[in-house]
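Note sheet for the following structure.
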Amino acid sequence: MKWVLVLVVVVMISVCFFTVCLGQEMPGGLYFGQDPPGFSPVVFAPDVISLPNRYEYCLVFSPNLDECVFGVTNASWGVFNLWYTRMESDSNWTDPTPAPFQGNGDALFPAYAANGNEIFFASSRPSYPPSNIWQSSREGSGWSEPVALAPPVHS
-13 MKWVLVLVVV
-3 VMISVCFFTV
7 CLGQEMPGGL
17 YFGQDPPGFS
27 PVVFAPDVIS
37 LPNRYEYCLV
47 FSPNLDECVF
57 GVTNASWGVF
67 NLWYTRMESD
77 SNWTDPTPAP
87 FQGNGDALFP
97 AYAANGNEIF
107 FASSRPSYPP
117 SNIWQSSREG
127 SGWSEPVALA
137 PPVHS
């Protein structure tokens, strides 16, 4: 009898998951208008995210897919900055700008919290070394000044 109950629960969760995931639609917006990822590498969002004479790395989307943060470095891999863009209500993305929460110092490896209200990143701010992990919280339509995570995470 228990296995029947477990089977019913698994089927219900699966149906809910596929209904929610397959029902999401962001016309013209998801993947910056490109086809979803496949098995062959392609340049991502040419002339929007991917620009000539620089390298992009660590691209992350917010949990609800309406914000994007990514790293940009120069051809000599000597400067590391985070850039930010968000999707407007008309499904168009804003022009990428330097991330409002980065401040001074290099920044790498952005990651959103599961709720989308915090972003974490490694940074050499205020000076290198050391690099540490910093957190910025959503404040209205913007982001707070970043704070270093407390020890033992922050050195």
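All residue numbers for the sequence shown refer to our numbering, where the first residue is -13 and numbers rise by one. All C-beta atoms, glycine included, are put in the ideal place defined by N, C-alpha and C.
Should residue i be labelled buried (16 or more other beta-carbon atoms within 10 Å of its own) or exposed?
i           : result
residue 122 : buried
residue 132 : buried
residue 8   : For residue 8, the predicted model reports a pLDDT of 39, less than 50, meaning its position is unreliable; a value from the coordinates is still stated below. Exposed.
residue 92  : buried
residue 28  : exposed
residue -2  : Residue confidence is low: residue -2 scores 40 on pLDDT, short of 50, so the model does not pin down where it sits. No coordinate-derived value is stated.
residue 139 : exposed
Whose C-alpha, out of the options, is nearest the C-alpha of residue i?
i           : options          : result
residue 42  : 127, 26, 64, 103 : 64
residue 102 : 129, 92, 93      : 129
residue 44  : 71, 55, 140      : 55
residue 52  : 76, 37, 29, 32   : 76
residue 125 : 30, 19, 86       : 86
Quick one, are the C-beta atoms of residue i and residue j less than 9 Å apart?
i          : j          : result
residue 34 : residue 82 : yes
Could you check how far apart the C-beta atoms of residue i and residue j are, in whole angstroms? I think they sit under 8 Å.
i          : j          : result
residue 26 : residue 98 : The Cβ separation is near 27 Å, so there is no contact.
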